[in-house]
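Those sequence lines, one after another, are chains A and B. Letter by letter, the first sequence follows residues -12 to 97 in the numbering used here. Letter by letter, the second sequence follows residues 191 to 302 in the numbering used here. Every residue gets a Cβ at the ideal spot worked out from N, C-alpha and C, and that includes glycine. Below is one structure, written out as structure tokens; comments come after it.
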Amino acid sequence: DGGITQSPKYLFRKEGQNVTLSCEQNLNHDAMYWYRQDPGQGLRLIYYSQIVNDFQKGDIAEGYSVSREKKESFPLTVTSAQKNPTAFYLCASLKGPEAFFGQGTRLTVV
Amino acid sequence: RKEVEQDPGPFNVPEGATVAFNCTYSNSASQSFFWYRQDCRKEPKLLMSVYSSGNEDGRFTAQLNRASQYISLLIRDSKLSDSATYLCVAPGGPNSGYALNFGKGTSLLVTP
């Protein structure tokens, strides 16, 4: 079945470490997005990519980086510059107006 | 002003009750809107789309009032399984790669 796969489901990061969250899709969608969700909050846009080898900052890009070397893959790196990285991270693709989500990665700083 | 605003609740209702959630949006040019359902610690899933004045799917009815920039979701005959957070969503524009704008969500708890 087509869909979006995020891994890992749970991730623990030590202070000062960079970590990379994986997002893979086999839906053949051009547009992909990374959102962050904090408890009791809506989804906030981190980065988006509308085409391979191109990506743009969203509303809260500081402390994050992305790449889009392949259509299927849009990994997100949470760098040590992100001071409050503990959150639920969701990757999505867009077909027309409808978003398709991965199951999310829950990142915790230990 | 936020793109999408909704009452966070929580709404606690008994089984069988009718409950309505409201949402306002700021971009008058938006043509389509969505309600997503999110269960605890899970990803959001599309519940309903609203393209014109309204949409009905079984116990769920979504209505759109463009003049007031207002969207509502009505759930009739609430079930225990309806307990979740309901996210009101409006499409973004080209400046954000058409990323969807999500409200903070309205929490619903249906009790026996």
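- Taking the Cα of residue 260/B as reference, the smallest distance to any Cα among 212/B, 207/B and 198/B is reached at 212/B.
- According to the DSSP secondary-structure assignment, residue 44/A is paired through a beta bridge with 34/A.
- Its Cα nearest to that of residue 251/B, the residue 224/B stands out among 228/B, 224/B, 290/B and 295/B.
- Minimum Cα-Cα distance from residue 77/A among the listed residues 12/A, 83/A and 20/A corresponds to 20/A.
- In the three-state reduction of the DSSP assignment, residue 285/B falls in the helix class.
- Shown here, residue 270/B sits in a helix according to DSSP, grouped into three states.
- Residues -10, -9, 12, 14, 16, 79, 80 and 81 of the same chain have their beta carbon placed closer than 8 Å to that of residue 87/A, with the five preceding and five following residues left out of the count.
- Counting along the chain, residue 292/B sits inside the beta strand (DSSP E) bounded by residues 290 to 292.
- Within chain A, 29 and 30 have C-beta atoms less than 7 Å from the C-beta of residue 292/B, given in sequence order.
- For a Cβ distance threshold of 7 Å, residue set 287 of chain B lies close to residue 43/A, ordered along the chain.
- Under the DSSP definition of a beta bridge, residue 57/A partners with 60/A.
- Assigned with DSSP and collapsed to three states, residue 24/A falls in strand.
- Taking the Cα of residue 237/B as reference, the smallest distance to any Cα among 249/B, 299/B and 231/B is reached at 249/B.
- Excluding sequence positions up to five before and after residue 247/B, its CB lies within less than 7 Å of the CB of 238, all in the same chain and listed in chain order.
- Here residue 240/B is buried, its C-beta having at least 16 other C-beta atoms within 10 Å.
- Around the Cβ of residue 205/B, a 10 Å sphere holds fewer than 16 other Cβ atoms; the residue is exposed.
- Residues of the region 77 to 88 of chain A whose Cβ lies closer than 7 Å to any Cβ of chain B, in chain order: 77, 81, 84, 85, 86 and 88.
- Remark: C-beta atoms of residue 198/B and residue 295/B approach each other more closely than 8 Å.
- The criterion of a C-beta distance shorter than 8 Å is satisfied by residue 276/B and residue 227/B.
- Cβ-Cβ distances below 8 Å link residue 194/B to 213, 214, 215, 216, 278, 279, 280, 291, 292 and 293 in the same chain, with the five nearest sequence neighbours on each side left out; the list follows chain order.
- For residue 247/B, the enclosing beta strand (DSSP E) stretches over residues 244 to 247.
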